[in-house]
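Novice: I am attaching a structure below and will ask some questions about it afterwards.
There are 2 protein chains.
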Amino acid sequence: MTPVDSVHEIVLTGPVEPIPADRTPLVARFTQGATTVEVPGFWDGADRYLVRFSPGTEGDWSWSTRSAAPELHGVTGTFTAGPRTGPGGVAVSAVHHFAHADGTPFRPVGATAYNWLHQEEPIFSETVDALAEAGFNKFRYMVFPQAGGYVEHFPDLLPFERHADGRWDVSRPVVAFFRRLDDAVERLGARGIQSDVLILNAYDNGRFGLDGLTEEEDAAYLRYLVARLSASPFVWWSLCNEFDILDRPTARWNRLGELLASVDPHQRLRSIHQWMRFPDHNQPWVTHASIQNGAATTEFGRASLYRDAYPKPIVLDEIKYEGDIPDRWGHLSGRQLVHQFWVATVAGCYASHGESFVTPSGSLHMVEGGPFRGESPARLGFLRRILDDLVIPGLDPIDRWDDPAYVAGSPRRQYLQYLGQDAPEAWTFRLPQGNLGDRLEVGDAFEVDVIDTWNVTVTPVGRRFVLDDVQRNDAYAKGADPVPLPAGEAVALRITRVE
Amino acid sequence: MTPVDSVHEIVLTGPVEPIPADRTPLVARFTQGATTVEVPGFWDGADRYLVRFSPGTEGDWSWSTRSAAPELHGVTGTFTAGPRTGPGGVAVSAVHHFAHADGTPFRPVGATAYNWLHQEEPIFSETVDALAEAGFNKFRYMVFPQAGGYVEHFPDLLPFERHADGRWDVSRPVVAFFRRLDDAVERLGARGIQSDVLILNAYDNGRFGLDGLTEEEDAAYLRYLVARLSASPFVWWSLCNEFDILDRPTARWNRLGELLASVDPHQRLRSIHQWMRFPDHNQPWVTHASIQNGAATTEFGRASLYRDAYPKPIVLDEIKYEGDIPDRWGHLSGRQLVHQFWVATVAGCYASHGESFVTPSGSLHMVEGGPFRGESPARLGFLRRILDDLVIPGLDPIDRWDDPAYVAGSPRRQYLQYLGQDAPEAWTFRLPQGNLGDRLEVGDAFEVDVIDTWNVTVTPVGRRFVLDDVQRNDAYAKGADPVPLPAGEAVALRITRVE
């Protein structure tokens, strides 16, 4: 019995002479009552063909195949989807946020090691351990290998066979390569980490020539990747990191994104990430905005402007790196990076971590992975726990553009306020009203927790704050004493309505 | 002879029984060589029908009409377009900027009086004088009258006749009403002011019922408005101010915008302005983003984020008001509003002014117009002169997201840096390199002007600054002495390459 939202795999025997993998070898139609899902199959070496499907509902499913190959045509079967054993894949929820298929909110706290997939042991496994132990729940890495700066390892295992003329032959994927990718996704998933799979990369620099595929070849590869991986509840798609480094027409990227949206039977999350030129994240195929801009998180009141433009989740997937290299993108202190995550959080956005200390190989963690050296991961794991403990779907700026305190939350339910890196001696209770949603009323009662974001402590204030002065734009508990704070620390406040 | 980019009007006599104005009574096809432009005509009272066309090129044009009415069908004529007498209409130029048809950059410094069109004399004319004398070059006002707060005057002249049941009859426009609008556009245009025409309004509150037209009625009105006004080189279109106050599906607004784009033969600028919920300014019909968000201009590094999301001009058409009413949107000091304009300027964006001092009638200037009372208009006229004196198409942030000084301009040509409201004693020459465009080189020479944005002075430093230290991200003239500044004043620097 396959649990709901996990992978049901069908193994079929096809022609001895493999069907070129640049066409879909078969399609399986899964049916339960009025629900029908068409799932592309894929070649898995020799005469082996697979179909991977993730049932979204419990109960009996039947399936039948169609194919131009007689061996793969008209095969039928049934299976039963049982109770879920995990929360399921992640989708957009509450406009600017995410939730698993079972409704559990998913608050991404991302990590990055672009070339990780291509590393040997022990780095490969150490990376998974380090991510899981720190508490990251999303990880960006590339399918194709990297050949840019700080790359010290070039893999032997590559994704395709070659034509006689040396060009890549996307009709002949290297199965061992893609099984390694399957395994990577599963191993991360088993540790609670979503794979933000970077489909193409802009860092080939002609070394592998994988940036020289034609649009048709890119499409064939994309279809193969989707058929292979999309049933996994641990997969997100990103067309490319810094896509605009490649000299390609925007329309070609958009067509690739539209193709992805049209062929993915499981509709995993989709985005694309830029260097200098933003894609149009309002395109329907884009589920969330994946953005590079460190400066959007260095001050309050910035990242939230992206929410104005894009009514989708905003994930600041590149906000510079904790490290000590001379490049200005690679020498944030741990404190600064953690600060920027909290600024992003109260802007109603999400962010991703990366580390740019030089590793023993001469590379960077953000390239190859491995154990963390920085101070931020432990604090970001703490941030993730704070986010997971929220009782609301997500944090939205309450009084968008007008709140000098940048309080985020859900009106009249729960709030998070971040005081920055240098807290004052005390905080006086005050909440913004905002223009949308429930309005605060006299008598509303709140509890407050003082969160030390660097020293990773949560300290309940231990008394109730009852609103006694509710104005048009703000509400106060004037009868309550101020809350003493650990002055000079990077402090946040969690304010939860209890009555 | 009609000058290029001005209105050539054809007067025709049609049926005595007027053609209902909710259909286009005739179309005139204008031809010059391979160029053909189809221009809708419109009813102008009794048996009078007009076609207004603005020729974009000099020389002989011929035209012929088609119409379901025999009187208006098959009429032909010719005219000669002569040399231009003005710079022509405004269009998008250099991605985030504007230029007139003759190539002259247009840098909007906007003003606002929503209900001005509906005022009596002397306010009506005083407003035009006040705008022109201050130096504003764009003016936002509504076609339909306002019935929201601070409205003290309700007009007798309204845009349509009524059906017997009291509903508005958009097939019978009140010609005197629209002639008044024609006149308003022309009078402003003659003073160098573009009309940012707010087609619908969200402040009817049921008083006039003009917010209760059906989608088809809105469309008929829009077509009439376009036929009547679009030949004027002084017209911009805005579908609505704070459109999302009205309870209408987004798709209806988008259809109206698409209709506007499809029916306007002169392709005047088009946008829509929001209260809390942004429209998708990346839609093809939107030529520029018209945005309400004061906070985007209170600090550096914010408004430019809208440029990331929208590769179009960003016009911050509502950034709060200079005035003294209690509402938090209406009590900026003149200094603060001028400061915000300069912050918007170096963010590569444009802004609009409004004044919320209470007028003798009990209204506000931003509602009815009239003479200015505030301190900002004179300084904004000065800003406009600074912008008009630039030798570059527009100001773009040079080192987008990474420049602590927020220098804008065009690489290796000209720069503007705004130091904020409280200048230091001196400034040391330094320019950012940025990631795009020409790179600075040792030996490049610059002249610097010190601009006092509040005291409206421009003081040349009177010496040259020659780059002697060019680094990856910044360039310096280390051999040059610092520039003394009027400390404590709101100072900007204009830095122009001379060699």
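If you read the protein sequences in the order shown, they are chains W and R.
Taking UniProt numbering, the leading residue of the first sequence gets 1, the next gets one more, and so forth.
Taking UniProt numbering, the leading residue of the second sequence gets 1, the next gets one more, and so forth.
Glycine residues also receive a C-beta, built at the ideal position from the N, C-alpha and C atoms.
Mind checking who Phe106 of chain R pairs with in its DSSP beta bridge?
Specialist: According to DSSP, which records beta bridges pairwise, Phe106 of chain R is partnered with R:Phe98.
Novice: When you compare the segment 263-270 of chain W with the segment 227-245 of chain W, are there three or more beta-carbon pairs, one atom per stretch, that lie closer than 8 Å?
Specialist: These segments touch.
Novice: Suppose you measure from the CA of Gly374 of chain W to the CA of Phe357 of chain W; what does that come to, to the nearest Å?
Specialist: Computed Cα separation, rounded: 8 Å.
Novice: If you pair each beta-carbon of the segment 128-141 of chain R with each one of the segment 188-196 of chain R, do three or more pairs fall below 8 Å?
Specialist: yes
Novice: Checking 9 Å against the spacing of the C-beta atoms, do Ala184 of chain W and Tyr221 of chain W come in under that value?
Specialist: no
Novice: Roughly how many whole angstroms lie between the Cα atoms of Leu380 of chain W and Pro249 of chain R?
Specialist: Separation of Leu380 of chain W and Pro249 of chain R (C-alpha to C-alpha, rounded to the nearest whole angstrom) is 40 Å.
Novice: With which residues is Arg430 of chain R paired in a DSSP beta bridge?
Specialist: R:Tyr476
Novice: Provide the residue(s) that pair with Ile495 of chain R in DSSP beta bridges, ordered along the chain.
Specialist: R:Tyr415 and R:Val448
Novice: What residues from chain A crowd round Arg400 of chain R, counting only those whose CB sits closer than 9 Å?
Specialist: Of the chains in the structure shown, none is chain A; the protein chains are W and R.
Novice: Contact between the segment 10-24 of chain W and the segment 195-212 of chain W is defined here as three or more beta-carbon pairs at a separation below 8 Å; is this criterion met?
Specialist: Flag = no, the segment 10-24 of chain W and the segment 195-212 of chain W do not touch.
Novice: Less than 6 Å between C-beta atoms, sequence neighbours within five positions excluded: which residues of the same chain meet that for Ala94 of chain R?
Specialist: Pro393 and Gly394
Novice: Should the segment 205-214 of chain R be regarded as contacting the segment 153-168 of chain R, the criterion being three or more beta carbon pairs within less than 8 Å?
Specialist: yes
Novice: How many Å lie between Phe53 of chain R and Met366 of chain R at the Cα?
Specialist: 32 Å
Novice: Closer than 9 Å, Cβ to Cβ, to anything on chain W: give me those residues from the segment 359-370 of chain R, in chain order.
Specialist: none
Novice: Against chain W, with Cβ distances strictly below 9 Å, would Met316 of chain R count as a contact?
Specialist: Note that residue 316 of chain R corresponds to Leu in the displayed sequence, not to Met. At a cut-off of 9 Å between beta-carbon atoms, Leu316 of chain R makes no contact with chain W.
Novice: Would you list, in chain order, the members of the segment 426-441 of chain R that have their beta-carbon closer than 9 Å to a beta-carbon of chain W?
Specialist: Asn435 and Leu436
Novice: State yes or no: is the beta carbon of Tyr310 of chain W nearer than 9 Å to at least one beta carbon in chain R?
Specialist: Interface with chain R (9 Å Cβ-Cβ cutoff): Tyr310 of chain W is included.
Novice: Taking CB distances under 9 Å as the criterion, tell me whether Leu305 of chain W reaches chain R.
Specialist: By this cut-off, Leu305 of chain W is an interface position.
Novice: For Asp308 of chain W and Phe300 of chain R, which I take to be in contact (beta-carbon distance under 8 Å), what is that distance rounded to the nearest angstrom?
Specialist: With a Cβ gap of about 18 Å, Asp308 of chain W and Phe300 of chain R do not count as contacting.
Novice: Taking the alpha-carbon positions, what's the Leu225 of chain W to Cys349 of chain R distance?
Specialist: 42 Å
Novice: Keeping to the same chain, check which residues put their C-beta closer than 8 Å to that of Asn473 of chain R; ignore five residues upstream and five downstream.
Specialist: Asp399, Asp402, Pro432 and Gln433
Novice: Assuming Ala492 of chain R and Arg464 of chain R form a contact by the criterion Cβ under 8 Å, report the distance between their Cβ atoms to the nearest whole angstrom.
Specialist: With a Cβ gap of about 20 Å, Ala492 of chain R and Arg464 of chain R do not count as contacting.
Novice: Out of W:Gln414, W:Ala296 and W:Asp327, point me to the one whose CA is closest to Gly149 of chain W's CA.
Specialist: Closest option to Gly149 of chain W, Cα to Cα, is W:Asp327.
Novice: Go to Asn201 of chain R, then tell me how far its beta strand (DSSP E) extends in each direction, as first and last residue.
Specialist: Gln194 to Asn201
Novice: Using a cut-off of 7 Å between C-beta atoms, extract the partners of Asp481 of chain R located in chain W.
Specialist: Under the 7 Å cutoff, chain W gives no residues; its nearest Cβ is about 28 Å from Asp481 of chain R.
Novice: Would a check of beta-carbon distances place His281 of chain W closer than 9 Å to chain R?
Specialist: yes
Novice: Give every residue of the same chain whose Cβ lies closer than 8 Å to the Cβ of Thr36 of chain W, excluding the five residues on either side of it in the sequence, and list them in chain order.
Specialist: Arg29 and Phe30
Novice: Flag this pair as yes or no: are the beta carbons of Val286 of chain W and Arg223 of chain W separated by less than 9 Å?
Specialist: no
Novice: Between W:Ser67, W:Ser64, W:Ala68 and W:Arg84, which lies nearest to residue 522 of chain W when the distance is taken from Cα to Cα?
Specialist: There is no way to answer for residue 522 of chain W, as the model of chain W reaches only from 1 to 499.
Novice: Check the Cβ of Gly301 of chain R against every Cβ in chain W and list those closer than 7 Å, keeping chain order.
Specialist: By Cβ distance, chain W contributes Ala295, Glu299 and Arg302.
Novice: I believe Leu416 of chain W touches Gly443 of chain W by the beta-carbon criterion, under 8 Å. Please report the beta-carbon distance rounded to the nearest angstrom.
Specialist: That pair is no contact at about 23 Å.
Novice: Taking 9 Å as the threshold (C-beta atoms), are Pro397 of chain R and Ser304 of chain R in contact?
Specialist: yes
Novice: Are at least three pairs of beta-carbons, each pair with one atom in the segment 61-70 of chain R and one in the segment 480-489 of chain W, less than 8 Å apart?
Specialist: no
Novice: Along chain W, in chain order, which residues have C-beta atoms closer than 9 Å to that of Arg335 of chain R?
Specialist: Near Arg335 of chain R there are no residues of chain W at all, since even the closest Cβ is about 19 Å away, more than 9 Å.
Novice: In three-state DSSP terms, what is Gln292 of chain R?
Specialist: strand
Novice: Using only CA atoms, which one of W:Val175, W:Ser376 and W:Asp5 lies nearest to Asn103 of chain W?
Specialist: One point to set straight first is that residue 103 of chain W is Gly, not Asn, in the sequence displayed. The shortest C-alpha separation from Gly103 of chain W is found at W:Asp5.
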